[in-house]
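S.K.: Chains as they are written, first to last, in the numbering used here: chain A, 1 to 160; chain B, 1001 to 1160; chain C, 2001 to 2160; chain D, 3001 to 3160. Glycine included, C-beta positions come from ideal geometry on N, C-alpha and C. From a predicted model like this one, the values you see are computed outputs, not experimental measurements.
1) List the residues of chain A that residue 1063 of chain B touches, going by C-beta distances under 9 Å, in chain order.
2) Here's the rule I'm using: 16 or more other beta-carbon atoms within 10 Å means buried, otherwise exposed. How should residue 2138 of chain C be labelled?
3) Nearest by alpha-carbon distance to residue 3020 of chain D: which of D/3011, D/3046, D/3118, D/3092 is it?
4) By Cβ distance, which residues of its chain are closer than 8 Å to residue 2116 of chain C, with the 5 residues on each side in sequence left out?
5) Measuring CB to CB, does residue 1004 of chain B end up less than 7 Å from residue 1032 of chain B?
6) Apart from the five residues just before and just after residue 1048 of chain B, which ones in its own chain have a Cβ nearer than 6 Å to its Cβ?
7) Should residue 2111 of chain C be flagged as near chain A, meaning a C-beta pair shorter than 7 Å?
8) Would you mind working out which of A/64, A/85, A/26, A/81 sits nearest residue 57 of chain A, comparing C-alpha positions?
9) Just the chain B side, please: which residues come within less than 7 Å of residue 3086 of chain D by C-beta, in chain order?
10) Would you decide whether residue 79 of chain A is buried or exposed? Buried here means 16 or more other CB atoms lie within 10 Å of its CB.
11) Per DSSP, which residues does residue 1064 of chain B bridge with? Please list them.
12) Hey, how far is the Cα of residue 63 of chain A from the Cα of residue 1102 of chain B?
13) Please state the DSSP three-state secondary structure of residue 1117 of chain B.
14) Rounded to whole angstroms, what's the CA-CA distance from residue 1109 of chain B to residue 3066 of chain D? Just pull it up for me.
15) Quick one: using the 10 Å Cβ neighbour count with 16 as the cut-off for buried, is residue 2145 of chain C buried or exposed?
16) Taking the alpha-carbon of residue 2013 of chain C as reference, which of C/2028, C/2002, C/2007 has the nearest alpha-carbon?
17) Give me the Cα-Cα distance between residue 3077 of chain D and residue 3126 of chain D, rounded to the nearest whole angstrom.
18) Shorter than 7 Å from the beta carbon of residue 3097 of chain D to some beta carbon of chain C?
19) Quick one: is residue 3141 of chain D buried, meaning 16 or more other Cβ sit within 10 Å of its Cβ, or exposed?
20) Given residue 1089 of chain B, which residues of its chain have a CB within under 8 Å of its CB, disregarding the five upstream and five downstream residues?
21) Hey, is residue 3032 of chain D's beta-carbon within less than 7 Å of any beta-carbon in chain C?
22) Which residue from D/3129, D/3152, D/3153 puts its Cα closest to that of residue 3018 of chain D?
23) Could you tell me whether any Cβ in chain C is nearer than 7 Å to the Cβ of residue 1067 of chain B?
24) Examine chain C for any beta-carbon lying closer than 7 Å to the beta-carbon of residue 1121 of chain B, and answer yes or no.
25) Drop a sphere of 10 angstroms on the beta-carbon of residue 1958 of chain C, count the other beta-carbons inside from all chains shown, and report buried for 16 or more, exposed for fewer.
26) In chain B, which residues lie with their C-beta within 7 Å of the C-beta of residue 2118 of chain C?
27) Drop a sphere of 10 angstroms on the beta-carbon of residue 2059 of chain C, count the other beta-carbons inside from all chains shown, and report buried for 16 or more, exposed for fewer.
28) The beta strand (DSSP E) with residue 3013 of chain D in it runs from where to where?
29) DSSP three-state call for residue 3124 of chain D: helix, strand or coil?
30) Report the residue from A/124, A/147, A/15, A/154 whose alpha carbon sits nearest the alpha carbon of residue 3119 of chain D.
31) Quick one, which of D/3011, D/3006, D/3070 has its alpha-carbon nearest residue 3100 of chain D's?
32) Inspect the beta-carbon positions of residue 2087 of chain C and residue 87 of chain A and report whether they are closer than 7 Å.
33) Quick check on residue 101 of chain A: does DSSP put it in helix, strand or coil?
In structure tokens:
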């Protein structure tokens, strides 16, 4: 038998965020879930929590990759809470999980994850986050989205 | 709204195994899936592959936590393939994922994971694997199961 | 030019220990240092602190691989304090550092590290720790030492 | 007794680099070693190898934090080779090791490490690498150096 493996998209960004970023994150979560796509994130607060909430509200599946030892530190909208005990290093796993990474808001930690995503050749979409103009040279495009709809479309498109 | 979070059980053991261990692993996967429990393992061969196969054959959900950078190195029976890039260290994540850890077969690597599971206070069930008599002193019980049915029952029981 | 690279031996064991284990650890540290060997350990308390103290008292070099983000959490007898932020996972790095691993005392965490050491084919010497009889089958020998002198000799011998 | 713990500075950057970057890296290694400072890096090629060579040529101490399981994958100018088995994740350890991080050259991986360094509040000095103008907003300064001498001075200065 063969397993139908759902597509997975990663979401990274501010564990603290503006209301506008939270709104965008919730919409991204919802749009992904409506397409049957699994959302993977760091499982905590801010844009992570908002996106998970948006996803599960329409019956979607969310996986939180947590920094500590216990599933209880995850936000309330996780279908699966995976404790790693790895602290900061768990962010690399969030990036590696999906075929694409959507970044919303965020500070130097998010920049670090974007850099890592580019290093491991994952497609990166930025929504109110670090933009292509922040990157010198020909490092590789970060796709800048203007809306949650664009972000999800860029994440899933065959070619960009 | 609240999310109903399925229970999760971890499976560890030989990436190479005997036919009997493979049979047991497949049964364990099936029994967990029949109860709606998510199976988490290292996503590769041997008892991992057998357990995943048993689970998905009855519609269960399996998550493979992989050592490399690519989901493609996972076995064919993973609902979700999570690459970690962490090599050996990903074994700690497999142990941390579930409320209980079922060990089938395996060598020193599996022993290492059992030791770690005891350290982080996860319940450990051994089926044709390292047994309580391998452990000196009062380190904590490893529950020894004689069958897949026992293994799953011990994993899920309220009190053992 | 070529660099003369000192030999490295890893020490693992109880972060809490008996006076006898502390005494043994201090002797092991001293004996290694007298031979110009670098001691690598988890950098914290118990046998780790005792061994580091024994080493630096005779001018030796110690490296502590720490679980958190700050060098300040290390014991006072570290020449180099390396924070990893990795929590439990840093134990694998302690095991990988040396050509041999000396285990003194310790609980399931130490057993986990011994299992991992065997998996990655590092030589393991146990002093008042888990012994060969704790391991079933032909997994590979753990060399059991009766004294700090034996432990260091086994660690450094060309053939055992 | 107290241990005099040498200062530690981390170096990151291109595993492939231009001759000019290699020259700068070698000078940085030498300047640090002349001040008795331990150099920590990823232990491989490019600016890492050049800096290590510069350091050991004047009697300095270098520590390479390696991605694989074996010390033999390190460059020939390492006093201590620490295998981590962690792949990409070992870059976080390089950043955490030193009181400051000097970046020379490098691509998205180096950017990722700079972002992480800012996140964990390590001082970052860029020499022919990602510059402050690559970073939007008030994320925290990256100190841009024009020469190896400046880079080392910024790394060690009490206040910047």
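M.R.: According to the structure shown:
1) 63, 80, 82
2) In this prediction, residue 2138 of chain C has a pLDDT of 49, which is less than 50 and means its spatial position is unreliable; nothing more can be read from the coordinates.
3) D/3046
4) 2091, 2092, 2095
5) no
6) 1041, 1042
7) no
8) A/26
9) 1086, 1087, 1089
10) buried
11) B/1041, B/1081
12) 22 Å
13) helix
14) 21 Å
15) buried
16) C/2028
17) 23 Å
18) yes
19) exposed
20) none
21) no
22) D/3129
23) no
24) no
25) No answer is possible for residue 1958 of chain C: the residues shown for chain C start at 2001 and end at 2160.
26) 1108
27) exposed
28) 3008-3013
29) strand
30) A/15
31) D/3011
32) yes
33) strand
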